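There are 4 protein chains.
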Amino acid sequence: MIEDIFDCVSPLDFRYYGRNEKLFSLLWSFVSERAYVKYQARVEAALVRVLAKRGVCSKQVASEIEGACSRIEVSDVYREEDRIRHNIRALVNCIRSDPAVSEEAKRFIHLTLTSFDVLDTASALRFKEATSQVIIPTLLDLEKSFIKIALREKDTIQIGRTHGQHSIPLTFGFAMAEYVSRLGNRILAIRKAGNNLVGKISGAVGNYNASSLFFDDPEEFEREVLHELGLEPADYSTQIVEPEYLVDYVHALVSCFGVLANFADDMRHLQRTEISEVAEEFKVKDQVGSSTMPHKRNPINFENVKSMWKVFMPRMTTIYMDQISEHQRDLTNSASLRFVPEILVGLVVSAFRLKKVCQKLIVDKKAIERNFEMSKKRIIAEPAYILLASKGHPNAHECIRKLTVQSLKEGRPLRDLIIESEELKPYLAKLTNKQQAILDDPSQYLGIASKKTEQVCAYWKQKLGI
Amino acid sequence: MIEDIFDCVSPLDFRYYGRNEKLFSLLWSFVSERAYVKYQARVEAALVRVLAKRGVCSKQVASEIEGACSRIEVSDVYREEDRIRHNIRALVNCIRSDPAVSEEAKRFIHLTLTSFDVLDTASALRFKEATSQVIIPTLLDLEKSFIKIALREKDTIQIGRTHGQHSIPLTFGFAMAEYVSRLGNRILAIRKAGNNLVGKISGAVGNYNASSLFFDDPEEFEREVLHELGLEPADYSTQIVEPEYLVDYVHALVSCFGVLANFADDMRHLQRTEISEVAEEFKVKDQVGSSTMPHKRNPINFENVKSMWKVFMPRMTTIYMDQISEHQRDLTNSASLRFVPEILVGLVVSAFRLKKVCQKLIVDKKAIERNFEMSKKRIIAEPAYILLASKGHPNAHECIRKLTVQSLKEGRPLRDLIIESEELKPYLAKLTNKQQAILDDPSQYLGIASKKTEQVCAYWKQKLGI
Amino acid sequence: MIEDIFDCVSPLDFRYYGRNEKLFSLLWSFVSERAYVKYQARVEAALVRVLAKRGVCSKQVASEIEGACSRIEVSDVYREEDRIRHNIRALVNCIRSDPAVSEEAKRFIHLTLTSFDVLDTASALRFKEATSQVIIPTLLDLEKSFIKIALREKDTIQIGRTHGQHSIPLTFGFAMAEYVSRLGNRILAIRKAGNNLVGKISGAVGNYNASSLFFDDPEEFEREVLHELGLEPADYSTQIVEPEYLVDYVHALVSCFGVLANFADDMRHLQRTEISEVAEEFKVKDQVGSSTMPHKRNPINFENVKSMWKVFMPRMTTIYMDQISEHQRDLTNSASLRFVPEILVGLVVSAFRLKKVCQKLIVDKKAIERNFEMSKKRIIAEPAYILLASKGHPNAHECIRKLTVQSLKEGRPLRDLIIESEELKPYLAKLTNKQQAILDDPSQYLGIASKKTEQVCAYWKQKLGI
Amino acid sequence: MIEDIFDCVSPLDFRYYGRNEKLFSLLWSFVSERAYVKYQARVEAALVRVLAKRGVCSKQVASEIEGACSRIEVSDVYREEDRIRHNIRALVNCIRSDPAVSEEAKRFIHLTLTSFDVLDTASALRFKEATSQVIIPTLLDLEKSFIKIALREKDTIQIGRTHGQHSIPLTFGFAMAEYVSRLGNRILAIRKAGNNLVGKISGAVGNYNASSLFFDDPEEFEREVLHELGLEPADYSTQIVEPEYLVDYVHALVSCFGVLANFADDMRHLQRTEISEVAEEFKVKDQVGSSTMPHKRNPINFENVKSMWKVFMPRMTTIYMDQISEHQRDLTNSASLRFVPEILVGLVVSAFRLKKVCQKLIVDKKAIERNFEMSKKRIIAEPAYILLASKGHPNAHECIRKLTVQSLKEGRPLRDLIIESEELKPYLAKLTNKQQAILDDPSQYLGIASKKTEQVCAYWKQKLGI
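Chains as they are written, first to last, in our numbering: chain Y, 1 to 466; chain A, 1 to 466; chain W, 1 to 466; chain P, 1 to 466.
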């Protein structure tokens, strides 16, 4: 038995469990082994409550067992499992041996259940509750940080970048609105998939063999037990719940992680020395940037999030493989299911990290302006070509392409070459004032960046109730 | 240029394209390169229709361009691309050079669009239409086959199997109902994700720079163009549509593939020589089972489906990686996007194959009965222990476990040992007739297998309208 | 800070760390965080030893620092890291603050190193040593178990199975020899890849900037430091070692895991109720097979191994993604590298589990014989067709195929139909005695199963020195 | 049957098959279906040659069959397969029906073989030959391009980059040497794994049942047949060759692809507008950079390579899953094996593309210098701290860190602050001239960049014989 956290192999437990944050102790209260066993005991307790309601056992019996369930100690269950080699039977034995459980009560424990009625239901329940109590709130906090930056910077003109090349203008707030929208969308997806997690009380192969011994309405009985826990039953189950509920849920988590990773990558690159439009704030006055290069300001949090995505995204493959279970179930998804909580941890740890960084994200407006200036002169290629075409030029794209090449060669502004061109004069004369203004000042070539930013933020604030 | 199909490297094209099936020529009309270019031309045509409606160009101009779009030849576009190295500009040039396009019309082609307005919209459209016209119908056909078998075999008593071990009874129809339910659920997921695919007409970096030169309501303009095609716009776009629409769509496909693979695995194992409860029918009288073992009846179609799942499931990883695109887009998702149609093909080919096999699936009821008989005697362990517990036995599970061990050792039926046991007599006396009957005839220990099968089938028939 | 192992999320630490086995405490002494920090301190110690050898610092200084390195406490390093936010600088500070380190000595700690000189070297070293001291010995133990079964069962006639269908005969020992061969091959691959792991002392971007300040032969200096640890330097390094050494190493582990998973699957299926040729022995007299089905004997260990493979195989994707690091390094492989030790754990835990099961694997010869009898009569199809062809029959395959169909229809032995056939008589007359014997007794159609088994076992015993 | 290449779904065939390159027609001659069938026929031909050598059939017979094998038409085989539903039996029938094959000869075709003797051997052979004739030569060409750039730029001072931040100096040639080394290493890995591919002639379940009917030395017989083809036999085989040979081979390909992807990413980022140290040359005077932004120079080839890596890297997961095949084989690796040649194509297409770009890679030395100048002043932080420490300063790292912060705040060169510091004077006085020179001119802080570049290039030129 490992006794010191630093004797562990999992960095989640000894390293990414943030030591000073309540969030993590809350999260671990759903994902730890202690939590899992407690949730299993909650299922056993729900069962006896319904048995009592239905008159199968007395209220006294139910009360005794419920009490025992609430006192279950994971270490006792493990000790018993070491002896008999069966985890749920070990749990049952521990409940049985609680001094408050009378002889009369013992036989009602676990009555009609199969192990995976307990385990699958407990898993669904803890994932569902971790989702609503930790994952969604953490993501909402991050979303708020995104929205705050987006609105604050909605008019900060920035050069757009495609292929890593300067493209045409937008605003930094508009660029942030991408993440407001994508994260908002994923929050809804996770919320939905989390709420969609279901339990089962349908017995060893799913056709309610055992519960049918007692009840004519075993599906109704199943529903009652699960409702005690706030869950719905699966449409169909074998020994286990149909895997697609979990598959959709983990997909929602993993695809949300992809959004975080993309954001982290964008920020990493905007923090490059040559670009330096954003920066992570150093946390403490004693922080060391690099062991031998003290001048460096490294995007360590963004790097960490990208790295964690690389750790957790591939785990979806395990989940997809676990869709396949022979007949009424092989057990080859048993050990692998035990690693699913780690995926929740990876996402929360990363979202929380991003939130902290975003709350103090340094946006260097001078650098944004400086970079914009680099390409300002060439930006007008696009509006020029489009406007010329609209005014009747038969081959505007090719014409502007050639002038651009000339502009690069001669080092002269594209705008000047356009104005001087005899060929283009008749078309230029037809431009409206607003159109002319954009050719004169490309920083006005912004489309509806600011307005769209506001719209996106307002939409998600309303939609998510934040 | 490759000229003969057998000079190709992709088995999808030379091998899995079923030669005598209309379904495949229909499917390829969405996924081929020819199809892709046609869809791109449809987007260009939709654009000019809206330009005409808004009075930017004349109806005559729109009509000329639409005509040219409908005549686009993929080989011409490729030839032009070879020359100028840009696929969408090549398309535009081909439309321009159509003899029916007047000089006046030329300049309105592609006006305000960026390449990925065309490409992302065309991709969404062809995936959406392939979904509704090929994928969903093929899966519904398969679902019908599943339902037919499930209802036909709803009372065929079969031994349940967990861990590959005989467990407790169910019916073969109930086992099939698992796939009715899971496939039904995935059909809904695919339908929803397919309908959710969106387009974009928002320009090079997503803030409508170009269309804003002409319109005060560029988002409305985008909506009009997309509505011409039956699409909605993305909530937000950069140069490309937010990736999560596609990510969810491919997830729906891949997770559906997992259901097919699981079914295929179940059938493969039920077709094992020792089990032989089901068999694929041999297709033709000349079919060769094995080049050197002519007596073998191999589950080649089920094996093929499992194999194809192994090919296509990992491709989800590509899709997840493509969620990450720097700033307003890097182009590292360009080549990879071209492989997405293959995933649609993989799923349709496999679903179609399963449907064909299921329509003629041989179910050997004698074998099912023979296998059931093997374990009939030991089945009562579960109901016995549960009933004894319910009648007051304080430790029924342990008691029955010991009798089972004794039964195996002595080779005597468990039922006899139970009846002979002095310890158990008082509890047995309390059993109801129905409960007693199950101990006497374990094949009655079926729960609600038959009823649940009917329910599941009725539910999905109604839900899917089949 | 997590204080109780059951408050952890990683099942590796609280569950798969086998509580009563020395092997696991040994393994964790390489993979735990405590171990990692100790290895880092070993690198710092190696540095000062070489500095002293080269006269840069005194032997006294080196001795003081080495002493401090050997006393490093991981919890102190973490506390310091919490303060200054840099793990290696924290380590250096802890060494500095050791009371035995004199003022004079302090400045030599870490001299010329960059953080990843320490971290990459420490990682390589602990993986290399874990490989030789734990992974290889565990796999060799498993290999010995495989060999033992193979040799013991080399003449146990078993029906071969392809497509899950009975094929032609082999022996169970020959089937086991597959795993002797494949595991042997992977042991060599792991041993080689483990020995191939390298370190680096080449500074922040790999061109020995810092060490060149002191030495004219910085590559020789690097070699000396690494030789202190038993490592070779990378051919080339940036801030980090070329990733392919680790990529090859993890590939070796993961591909070995695939062999274990295949073996586990084979055994799972041979343990199916209908086949029941092998079985896991129940571990203790109190073991519970199923919470509600006490008669079941489940292949839980084989299932566990398959499940663990599903957990760990996909992690190769992380490793492949970590091959990509921008320029002289981005840090997006930093967190992910911390999860690599878990892969070693997964493999060892699974190999150890298999070894334990194999040592007591129950092989039911009667069942093997029973299953063989099922198909005995049809086996001769293959040798018959081949022999007839060799004796001059122009179309033997087709002829036997038809007789096989007839045999199935009429329920008569294929052998009788062959003998009765007028068409075949002239060819049968030409058979040698040995050939005739095989048609009479298909269980002699064994090729060189027994001899090949011996060969394979002898080869690997010699090759691996076991 | 698809008749036009643009009706295909696979972009490999209609798009990435470079139309004007001999390389691609050569590559496809190994990977196409036509090629596969030809290789299968080569195995059948090798068989009869050995049968004749051993006197089983006459030389005349062997010659007739060999002739027929050389004339096999893939379309004929497919037509026959459509009829009898078995691909290898279809091949055999086609050989049989060749007019030059006499009645006497017919019965020796395929004698003793099982289908996968032919298929696995043919696969191994075509992968092996594609490797030596296409893959390795293409990679060697790329390696030469890398070496050429590395040597040319070995003294081009460039700022090193870690975390995307300017770090300390190196040379561009040294940065290129990373890829010389990593690619060189992968070329060796691929060559080795390619040469390691093996065949098998061991029959339906691997114990030489059929060949033992004729030969006392069936393993020798196998060796002879395979030697005809230039292959070695597998150590052990079931119906198929042990999968690890192929697993190692595809791993070598995929891990090589990772090196190309990393190189492509580095170049993409160096081509960013703000950095612009390198650029892809535009291919033709008519090339269009962007449909609406004609001024852009996009790294489309580097993007393509990264994108292709995202397509092909995940396919390793399929290969790992195919390690698992039940008993003497299930056939769930049959379809998936057909997709393996695509991986070869992906790698060759990408390596060839990179080679073309590298041959004309534009290196902008002014931009490299300009970027270096940005950080020149702060570079000395690292050498300063190290030198001060070595000269006796007790806490140099912390001291320089503080001066760096001061330098950033006050906008003054770090070097001036160091020189002015009273605290540091005694240590500075001890510096050697060479050490002093580096503090004065950080561009001399290059370590052995140039020399190491030469070494690495020389090593790989010699090692690879280029």
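Beta carbons: idealized from backbone N, C-alpha and C, even for Gly. Because the structure is a prediction, the values reported are computed rather than measured.
Rounded to the nearest whole angstrom, the C-alpha separation of S307 of chain P and S334 of chain A is 7 Å. According to the DSSP assignment, P426 of chain A belongs to no beta strand (DSSP E) but to the alpha helix (DSSP H) extending over 425-428. Within the DSSP secondary-structure output, H166 of chain Y pairs in a beta bridge with Y:R161. Residues L12 of the same chain have their beta carbon placed closer than 7 Å to that of E342 of chain Y, with the five preceding and five following residues left out of the count. Rounded to the nearest whole angstrom, the C-alpha separation of R54 of chain P and F372 of chain W is 34 Å.
Within the segment 300-311 of chain W, those residues whose Cβ lies closer than 7 Å to any Cβ of chain Y are, in chain order, I300, E303, N304, K306, S307, M308, K310, V311. When Cβ pairs closer than 8 Å are counted between the two stretches, the segment 336-353 of chain A is seen not to touch the segment 407-422 of chain A, the count staying below three. Contact between the segment 198-206 of chain Y and the segment 111-126 of chain Y is established, with three or more Cβ pairs separated by less than 8 Å. Taking a beta-carbon distance threshold of 7 Å, V278 of chain Y does not count as an interface residue toward chain A.
DSSP places I275 of chain W outside both helix and strand once states are collapsed to three, so it counts as coil. Within chain Y, no residue has its CB atom less than 9 Å from the CB of S443 of chain P, the nearest being about 16 Å off. Interface residue (Cβ-Cβ distance to chain Y less than 7 Å): R19 of chain W is classified as such.
Sorting P:T121, P:K409, P:D141 by C-alpha distance to the C-alpha of V357 of chain P places P:D141 at the top. Non-local beta-carbon contacts of V456 of chain Y in its own chain, meaning distances under 6 Å to residues more than five positions away in sequence, involve A177, V180, S181 in chain order. For the pair D120 of chain W and V241 of chain W, the CB atoms are nearer than the 7 Å cut-off. Scanning its chain for C-beta atoms nearer than 8 Å, with the 5 sequence neighbours on each side dropped, one finds around L26 of chain A the residues Q133, V134, in chain order.
Residue A:I379 holds the alpha-carbon nearest to the alpha-carbon of S407 of chain A among A:I379, A:A351, A:Y427. Measuring C-alpha to C-alpha distances from E454 of chain Y to each of Y:F108, Y:R152, Y:Y78 identifies Y:R152 as the nearest. Flagged as an interface residue toward chain P: M1 of chain A, by a C-beta distance shorter than 7 Å. About 19 Å separates the beta carbon of R370 of chain A from that of Q328 of chain Y, a gap too long to meet the 8 Å contact definition. Nearest neighbour of L170 of chain P by Cα position, chosen from W:A210, W:Q40, W:K409, turns out to be W:A210. Closer than 7 Å to the CB of H227 of chain W there is not a single CB belonging to chain P.
Using beta-carbon distances, P394 of chain A counts as an interface residue toward chain Y, with a partner under 7 Å. For the segment 176-207 of chain W, the set of residues with a beta-carbon nearer than 9 Å to any beta-carbon of chain P comprises A177, E178, V180, S181, R182, G184, N185, R186, A189, S202, G203, A204, V205, G206, N207, in chain order. Separation of A130 of chain P and V250 of chain P (C-alpha to C-alpha, rounded to the nearest whole angstrom) is 13 Å. The C-beta separation of E44 of chain A from I2 of chain A comes to about 28 Å, leaving the pair out of contact by the 8 Å criterion. Three or more Cβ pairs closer than 8 Å define a contact, and the segment 308-328 of chain P falls short of that threshold against the segment 269-279 of chain P.
Interface with chain Y (7 Å Cβ-Cβ cutoff): A449 of chain A is included. Its Cα nearest to that of S145 of chain P, the residue P:A351 stands out among P:A351, P:Y78, P:S70, P:L125. Listed as beta-bridge partners of E244 of chain W by DSSP are no residues whatsoever. Residues of the segment 239-271 of chain P that bring their beta carbon within less than 8 Å of a beta carbon in chain Y comprise R268, H269, Q271, in sequence order. Under the Cβ distance rule, G411 of chain A does not count among the residues neighbouring chain W, no pair being separated by less than 7 Å.
The beta carbons of G184 of chain A and K154 of chain A sit no closer together than 7 Å.
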